[in-house]
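The block underneath contains the structure these notes are about, expressed in structure tokens.
Residue numbers (my numbering), protein chains in the order written: chain A, 1 to 98; chain B, 1 to 648.
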């Protein structure tokens, strides 16, 4: 932790991570980069690595990057905090959320 | 590492722009038919034109594979009265649907006549339109012979024209259903449309936004002979020379939205729609109408919940609603009980509100999925909501998180989120005036889908796109000789690339916010001449003071910057049209405080607006300027050959 560089950065746009990548599964094929109609992602300069989320706040949460990903589990959808749906079990009343 | 910030932390520097920068470099493309916008209507237009044997180029801001509001899917093919199970006559149904003051009778007639053919062609290409795996045997509306899933929610009175008894139990028995709407697996559609474009040799230009139309001799109002485009990854400047141009973009989605942090998830339509096509046509001299109408984004604001609400919460789809104590609420459930009532019968909402205040119902409300019949529950969750659009990913992630339609009640946001705020406005039904060829008022220029005034749904976009593509292709043989005007191209190039030549200035988000404020204050539901003129002055001030400072460091930001300029122009058209309509009209979301009288007969007409020598001119069209819908359609389509025969 202490070894990390600390940069002076502007605030991160919100929401910042519409999807997350599992680096163990993602092959860096960039199918999501090409599928996304918005250009939320750019290819990672390191070939074979997950794309970089560049325009996070422009995402319209269509989910096509995740749906069309050829490697299940490589690219995962993140609900923005204010939009997370809630439900409760009809029998027990237990409340859950995504 | 996933985000830009993480990359910076790990690498100590930001990533280089990954695409070759080509600001201002030119590429000239010669084609017969140019289609601008690669969503549903644009794809169908390109395919239909290519099937006529002409050269076609298709320009799309994203990637055609999943772009546009219909990119992720579509669950209802909405007006296919020519299907064999239909109980209504297509021509009569079209007239019935058009029996309201502000609608597009031309588009409706095309949709009603050709929608089923279009759907069958969708199936030819590989789109799934039937329950071939017998997943939903026994569901209401499923036909065992054709395996079509007819939507059971619609009666023989269209839901635009609600019957006072709509929503009452037993109101929509099977024999009174129209069988016009077919539930489909629309997530399969867009990729196969792109594949068909490629198979037919359509030149697809992904990541290119159209920026302007080119007129013969560079003169506003003269025949359209091409267009310019900007590549949002490279900054390349594309020049298209075409014998006919089809506009297939959409309206402006976020003019009233203050925070661009919510620009993406606050819109039920694609983030990429910013009125570019309408503004291009406007500057080229084409006539628009209905621009003074505005809607309110009541179902898609990031400060609320995400459209499509049926998935994110239980407030809109088939599921019955109960209160916190499990008492059933008197809301319709859009199905066999209530003849397609998408909203409660008049007065129901108020009765529920009063009952809440008296303590008879307890908030919050829930969607009672377990109360539904098993097959309907699955058909609603797994077909309707999974295929509808951006809902697909919601359903998937909710399932993964443990939501169980057989056991769980889903929270509804009714009442607890309050009412929509007026600043969450949206463009209304404004669009281009078209004739029975879907040609605009400028020669060489066609409009399809949402580019036309008073547009409808996904299947409307498909059917009108297919029709417009056919008509535009038929026109190219008469194009003759023409030359592009270099002065017009140079002027556009200067306009587009100006933000790249500055060291400091204002970025696109702030300019957008400036426009949003002008719209929120001066183009709200409270309109007066004074306020509207202040809005115009505010935008003109932004143009004079802020636009010359607009700065874009990369091609993507340049694209967003040019979108801002489109939206500012679009906003001005709205204001000019609003000034010209001196009467109020609730159906248009149009309230003039200084002209408060509603529904005056002399104002029951389309207000048209266009530029002539860069001066705004307004005019009028009668409410049903399209004439007899059946007769006109038949007169214009004597050569229509029906469903495409593959191999041709």
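Note that beta-carbon positions come from the ideal geometry of N, C-alpha and C, so glycine has one too. This structure is a prediction, so every number in the text was calculated from the model and none was measured.
Query	Result
Other residues of its chain near residue 269/B: CB distance less than 7 Å, five sequence neighbours each side excluded	69, 250, 253
Supposed contact pair residue 59/B and residue 50/B - C-beta distance, whole angstroms, cut 8 Å	At roughly 15 Å, the Cβ-Cβ gap does not stay under 8 Å, so residue 50/B and residue 59/B are not in contact.
Per DSSP, cross-strand counterpart(s) of residue 527/B	592/B
Top-ranked residue by Cα proximity to residue 456/B, from 24/B, 430/B, 287/B	430/B
Where the stretch 6–35 of chain A meets chain B: residues whose CB sits under 7 Å from a CB there	7, 9, 12, 13, 14, 16, 17, 20, 21, 34, 35
Whether residue 607/B touches residue 577/B by CB criterion (8 Å)	yes
Chain-ordered chain B contacts of residue 48/A [CB-CB under 9 Å]	By Cβ distance, chain B contributes nothing, its closest Cβ being about 12 Å from residue 48/A, past 9 Å.
Straight-line gap, residue 18/A to residue 521/B (C-alpha atoms, nearest Å)	32 Å
Partner residues on chain B for residue 43/A, Cβ-Cβ distance less than 7 Å	18
Given 8 Å, three or more beta-carbon pairs between the stretch 431–438 of chain B and the stretch 277–296 of chain B	yes
Cutoff 8 Å: residue 83/A Cβ touching any chain B Cβ	yes
Within 8 Å, strictly: CB atoms of residue 649/B and residue 318/B	Since the first residue of chain B shown is 1 and the last is 648, residue 649/B is not available in this structure.
Rounded C-alpha distance that separates residue 564/B from residue 165/B	46 Å
Close-in-space but distant-in-sequence residues of the same chain around residue 44/B (CB under 6 Å, 5 per side omitted)	462, 465, 466
Proximal chain B residues relative to residue 63/A, where beta-carbon distance stays under 7 Å	72, 390, 392, 393
Simplified DSSP state of residue 439/B, which is helix, strand or coil	strand
Contact with chain A by residue 2/B, beta-carbon distance below 8 Å	yes
Residue-level contact to chain A via CB, residue 397/B, 8 Å cutoff	yes
C-beta atoms of residue 85/A and residue 411/B nearer than 8 Å	yes
Cutoff 8 Å: residue 56/A Cβ touching any chain B Cβ	yes
C-beta neighbour in chain B for residue 72/A, strict 8 Å	no
Residue 237/B and residue 25/B closer than 8 Å at C-beta	yes
CA nearest to the CA of residue 414/B, picked from 366/B, 458/B, 396/B	366/B
Bridge partner(s) assigned by DSSP for residue 365/B	412/B
Residues bridged to residue 226/B [DSSP beta-bridge criterion]	214/B, 241/B
Whole-angstrom C-beta distance between residue 16/A and residue 3/B, which should lie under 8 Å	6 Å
Where residue 232/B meets chain A, residues with beta-carbon distance less than 7 Å	39
Cutoff 7 Å; reference residue 72/B; Cβ partners in own chain excluding five residues on either side	66, 187, 389, 390, 392
Contact the stretch 25–37 of chain B vs the stretch 170–179 of chain B: 3+ CB pairs below 8 Å	no
The stretch 484–491 of chain B touching the stretch 216–234 of chain B, judged by at least three CB pairs closer than 8 Å	yes
Exposure label - residue 631/B; buried when at least 16 CB within 10 Å	exposed
Cross-chain neighbours of residue 59/A in chain B, by beta carbon under 9 Å	264, 265, 271
Cβ-Cβ distance between residue 86/B and residue 180/B below 8 Å	yes
Per-residue DSSP class, three states only, for residue 134/B	coil
Own chain residues within Cβ distance below 7 Å of residue 572/B, not counting five before or after	536, 539
Closer than 8 Å to chain A by CB, residue 15/B	yes
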